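Chains as they are written, first to last, in my numbering: chain A, 100 to 586; chain B, 2 to 313. See below for the structure under consideration.
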Amino acid sequence: MLRTTLDPSLQLFKDYGLGVAYDEMFGADGEVRPHYRALFELLQNLPADEISRRQTEADLSFLHQGITFTVYGSEEGTEKIFPHDLLPRIITAKEWAKVSLGLEQRITALNMFLADIYGEGRILDEGVVPRELIYSCPQFRRQMRGVQVARRAYVTVTGTDLIRTPDGEFAVLEDNLRVPSGVSYMLNSRTAMKRAFPQLLQQSHIEPIDHYAQALLATLRSLAPEGRPEPTVVLLTPGIYNSAYFEHAYLARQMGIELVEGRDLIVHDNVVYMRTTRGMKRVDVIYRRVDDDFIDPIVFRPDSSLGVSGLMNAYRAGNVTLGNAIGTGVADDKAVYAYVPQIIKHYLGEDPIINNVETFLMTDDIHRQHVLSQLDKMVVKAVGESGGYGMLIGPHSTATEREEFRRRIEANPRNYIAQNTLQLSTAPCFIDSQVESRHIDLRPYILYGEKVTIVPGGLTRVALRKGSLVVNSSQGGGCKDTWVLRQ
Amino acid sequence: MLSRVADSLYWMSRYLERTEHTARLLDVHINLMLERGEEADARWPRVLRSIGVKTDAVLPKVHALLFDQYNPASLVSSVTLARENARQVREQISSEMWMQLNRTFHEIRQASQDPANEANPLTLLRHLRERCHLFRGLTDSTMSHADGWHFIQAGAALERSLLLATLMQEFSGDFVEQALSENTDYFEWVGFLRSCVAFEAYLRSSPLGIQPKKIAEFILFDPYFPHSMRFCADQLARSIDALSGASVLQRDARIQRLSGRLGAQLSFADAEDAWQNGLPEFLQVIKSNCFLLHKAIFDNFITYQIDSVLEV
C-alpha cells in the first residue's frame, strides 16, 4: 500500500528526523508535499539494495570520469570523488519564478554598485554605504578606479548561496562574486540522475540545464573588447593542483575553448597572447578562475606564479576582458552584504525580492555586545573568507573556540560579522541504506553580460554529517541534483 | 593549439607506448620462464637493459617492474605519468580517451594492493596491453585528426622507434649467428618477435621461417608492419608534415629535413647497409636521429623563442 505520510512503519524512513527546520519533502504534520509525491512513491517501491546499487554505479562513474576535487591540507594531490546523493531536490515552478526574479534584481544592483564605487562613488557620497567600510575592505582594488569595464558587467558569473528558513522562504546567505565554483557538479549530477532514475525524471517534467556552458560562452563573447567581432575566449586556470581543476577542464571542453595557465599567456604591447604550436595568438576574453591576488604579479602578489605579468595593464587599456572583473570581492564582503537591501533600494528603487539573513556588524558596539553575550547561539564568520573556513558555529563549538573568537572579534571587529544560527532546510538523502534528512542550501548560477541568464535550479549542497549545518565540500559536504518543475 | 597542450599530449603518448612495451616484454619473459625456469636469471639482465633499467643492481622482482612507484621504469610509473599528462589536457582529448586512461590508472593502483597479481601477473599484463590498444583505438576513432592527434602519433612513433632500437641493440650480437640450435635459440627468437608483436606478421612475410638476419631486416625495414622502424619513421614524417606544413614559419625547414633524413635511412637502406658498419652502430645512428627530432619538435612548436613569431 502506498502511503502519503511519513509513517513509522516505513522501514526505509525509520530514522527520518523532522525538526524545526523546513523539510523539503514533508510538511510539519508528516504529510508529503505534492511535488515530492512521485519520488516518495518510487522510494516505497524500490528495495534499498537497488538504490544502493544505483548509488555505487554513480560513484564509480564519477571516479572514472575523474569528477574529483582536491582537499587542501591533506596529502598533496589527494583526489576525492565529490559525494553525490541520488535523491533529487525538487522546487516548484512558482517558487523558482520568485527566486529567479529576486536573483536578477540583486545581481543588477550589485553590478551598479561596483560600477559606482570604482567610478564616481555616489552611493558613498550619499552615505547609504559607509565609505570606511569600502576602503577598509581588502578586496577593494584601487587599481580598478576609473577602469572602463565592458558593458559595466563586473560580475559575469555569480553563485549566490540561498537557504530556506523555517517559514519556507528563501533567503540569501552569501553572494559569491569572485570566482564561484561548483557548476560542473550541478551539470554532472543531472547526468548521473538520467542514468539512475530515468523514468522519474521523464515523468516529472523538469527544466533542462544542459545549455549552461553555451549560455556562459555567449555571455563571455558579448563582453569582447570593441573591434573584435570573432573574439578568442579562454579559461584561465591555476592548474591541476587547484581544487576545482576538474571544473575548469570540464567547462573549457563544454565551451570548446582553450584552457590556459598563466605560463601559456604573455602580454606584449598591452595585448594578451597565448603560445600555440603555430605561433602567438591574440586573446580577447579571459574567463579567469584565478583569484585577484594571483592574477598579475606586477600589480598584486609578486610571489604569484599563476598569473600573467602585465595583464592588468592590458585590461586597463581595454584590449582584453576579464570575467569576473578585478575587485568584485568588495561587494561580497560579509559586512557589505548587510547593506545589500539598501543598495537595491538605492539603485532600483525596489524592495529586495529575496531577503537577507539578519546580520550583526561587529563594528557596531550594540551589535557586538549582543553577539558576545551569546556566542554559543551565533554563527560568526570572517568577512573575507569562503568555503566554510574561518567560521564559528556557536551551538557546535567548544568553550575554547568561543574564547578564541571573542579575542579575535575584539582585536579586529571589522573582520567579523555574526548571524543567528540558521536552521537550513532539510531534504531526504540516501544514507547507509536508509532515507534520512540532511540540511541543504542552494547555489544558483547567474550569468550577467548582454543580458541576465539564470539556468533553472543550481547546485544543491548537502551537509552529509547528521545534524551538521556546513555544506562546503571541503568540510564533509556533498551535492544532489536540483529539479525545477515546469509550469 | 597551446604549446603546453602539445607537450602534454606528446608525452602522454610516449608514456603509454612505454607502458605497452614494458607490459609485453614482461609477459613474453615470464612466459619463457615458465617453460625454461632454470635459465630465468640469466635472461633478466637483457630484459631489464632493454627497458632502461641498470642491471648492476640486485635483480628486481616482478614487483619492482610492475608496482614500484619509485622506479621510473615500472608500469605503475608509466601509467601514472601518462595519466598526469592527460589530466593537464583532459579537455583536449575526448572524454572517452580520458575515462579509459583514468580508469586504467585506478585499476593498476588497485591491482598493486593485491598480492595475487605479483604471484601471477600474466592476467594483469594482458589486461594492461588491452587497455593500451583500446586507448589507441579510441584516439583514432573519437578525436579529431588535427594537430593534437598528430602530436600523439608523433610521440608514439618516436617512442616506439627508440624502444625497438634499444631492444635490437640488446640482441644485436645474436643477429649475426646464422646457425640455430633448435632447442634454445628458437625460443629466444620467438620471444624477440613476440616482444615486437611481430611473430605472426614475420612468419607470413618470411616463408623460410626463423632466421635472425631476416628478423632484423623485417623489424628495421618492413614498410607495412606497425612495429617496424621504417613504419614508425614514415608515421613520424607524416605527422611532422601535417604539423609544419600549414605553417609559414621558416624554422619548419629544419624539422622536415631531419624527419626526411630518418625516413631515408630506413627506406633506402637494406640489410647490407645495416651490416656494413655493424648493426649496433646503425641502430645508434637511428637513435641519435630520433633524439634530434625530439628536440626539434620542442624547438619548433613548444619552446620556441617568442621574438621569432611576434611582428616587430
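The beta-carbon is built from N, C-alpha and C at its ideal position, and this holds for glycine as well. Note that the structure is a prediction, hence the values are computed from the model and not measured.
Pick out whichever of the options has its Cα sitting closest to the Cα of residue i.
i                     : options                    : result
residue 470 (chain A) : A:227, A:515, A:360, A:280 : A:515
residue 52 (chain B)  : B:197, B:260, B:168        : B:168
residue 557 (chain A) : A:582, A:130, A:548        : A:582
residue 271 (chain A) : A:278, A:277, A:260        : A:260
residue 152 (chain B) : B:118, B:308, B:10         : B:10
residue 340 (chain A) : A:389, A:314, A:454        : A:389
residue 206 (chain B) : B:144, B:68, B:196, B:229  : B:229
residue 449 (chain A) : A:490, A:139, A:201, A:147 : A:201
residue 511 (chain A) : A:104, A:360, A:462, A:428 : A:462
residue 306 (chain B) : A:440, A:393, A:365, A:438 : A:365
residue 264 (chain B) : B:294, B:188, B:204        : B:294
residue 314 (chain A) : A:564, A:438, A:555, A:571 : A:555
residue 139 (chain B) : B:124, B:147, B:101, B:154 : B:101
Might you give, ordered along the chain, the residues of its own chain that have their beta carbon closer than 6 Å to the beta carbon of residue i, omitting 5 neighbours on each side?
i                     : result
residue 282 (chain A) : 544
residue 459 (chain A) : 466, 470, 517
residue 506 (chain A) : none
residue 283 (chain B) : 275
residue 447 (chain A) : 208
residue 248 (chain A) : 424
residue 158 (chain B) : 233, 236, 237
residue 173 (chain A) : Confidence at residue 173 (chain A) is low in this model, with a pLDDT of 48, below 50, so its placement is unreliable and the value that follows should be read with caution. Correct list: empty, nothing qualifies.
residue 526 (chain A) : 123, 188, 539
residue 15 (chain B)  : 156, 160
residue 392 (chain A) : 399, 400
By Cβ distance, which residues of its chain are closer than 7 Å to residue i, with the 5 residues on each side in sequence left out?
i                     : result
residue 303 (chain B) : 4, 7, 8
residue 288 (chain B) : 163, 166
residue 303 (chain A) : 137, 582, 584
residue 252 (chain A) : 210, 322, 547, 548
residue 143 (chain B) : 95, 97, 98
residue 172 (chain B) : 193
residue 327 (chain A) : 383
residue 223 (chain A) : 216, 230, 233
residue 312 (chain A) : 350, 353, 354
What separation, rounded to the nearest whole angstrom, lies between the Cα atoms of residue i and residue j?
i                     : j                     : result
residue 124 (chain A) : residue 163 (chain A) : 32 Å
residue 535 (chain A) : residue 165 (chain A) : 28 Å
residue 382 (chain A) : residue 213 (chain A) : 25 Å
residue 529 (chain A) : residue 241 (chain B) : 54 Å
residue 379 (chain A) : residue 217 (chain A) : 33 Å
residue 156 (chain B) : residue 334 (chain A) : 27 Å
residue 408 (chain A) : residue 395 (chain A) : 5 Å
residue 128 (chain B) : residue 48 (chain B)  : 20 Å
residue 154 (chain A) : residue 432 (chain A) : 38 Å
residue 208 (chain B) : residue 216 (chain B) : 12 Å
residue 193 (chain A) : residue 127 (chain A) : 21 Å
residue 442 (chain A) : residue 111 (chain B) : 55 Å
residue 633 (chain A) : residue 257 (chain A) : Since the first residue shown for chain A is 100 and the last is 586, residue 633 (chain A) is missing from the structure and cannot be characterised.
residue 89 (chain B)  : residue 213 (chain B) : 44 Å
residue 464 (chain A) : residue 411 (chain A) : 39 Å
residue 272 (chain B) : residue 218 (chain B) : 6 Å
residue 474 (chain A) : residue 502 (chain A) : 9 Å
Given that a residue counts as buried once 16 or more other Cβ atoms are within 10 Å of its Cβ, and exposed if not, what is residue i?
i                     : result
residue 509 (chain A) : exposed
residue 234 (chain A) : exposed
residue 197 (chain A) : exposed
residue 193 (chain B) : buried
residue 215 (chain A) : buried
residue 18 (chain B)  : buried
residue 204 (chain A) : buried
residue 43 (chain B)  : exposed
residue 292 (chain B) : exposed
residue 175 (chain A) : Caution is warranted here: a pLDDT of 43 is assigned to residue 175 (chain A), below 50, making its placement in the model unreliable, and the coordinate value is therefore given only provisionally. Counting Cβ neighbours within 10 Å, residue 175 (chain A) comes out exposed, since fewer than 16 surround it.
residue 374 (chain A) : buried
Excluding the 5 residues flanking residue i on each side, which residues of the same chain have their C-beta closer than 8 Å to its C-beta?
i                     : result
residue 156 (chain A) : 294, 295
residue 255 (chain A) : 318, 319, 322, 386, 422, 423, 424, 546, 547, 548
residue 569 (chain A) : 487, 490, 492, 562, 575, 576
For the ligand GDP, is there a heavy atom less than 7 Å away from the beta-carbon of residue i?
i                     : result
residue 129 (chain A) : Summarising the ligand content, the structure contains no ligands, and the ligand GDP is consequently not present.
To test your reading of the DSSP string, which unbroken alpha helix (DSSP H) runs of 4 or more residues are found completely within the stretch 26–97 of chain B? Secondary structure in the stretch 26–97 of chain B: the alpha helix (DSSP H) runs of 4 residues or longer, each lying completely within the stretch, are 41–51, 63–67, 76–89 in chain order.
Runs of beta strand (DSSP E) lying entirely within the stretch 379–426 of chain A, each at least 3 residues, in chain order: Qualifying beta strand (DSSP E) stretches, in chain order: 384–387, 420–422.
Only counting runs of 3 or more residues, tell me where the beta strand (DSSP E) segments fall wholly within the stretch 260–337 of chain A, in order along the chain. Inside the stretch 260–337 of chain A, DSSP marks whole beta strand (DSSP E) runs of 3 or more residues at positions 260–263, 269–273, 332–335, from first to last along the chain.
Every unbroken alpha helix (DSSP H) within the stretch 201–256 of chain A, with a cutoff of 4 residues, ordered by chain: Runs found: 221–224, 230–234.
List, from N- to C-terminal side, the alpha helix (DSSP H) runs of 4 residues or more that fit wholly inside the stretch 114–177 of chain A. 136–144, 147–164, all fully within the stretch 114–177 of chain A.
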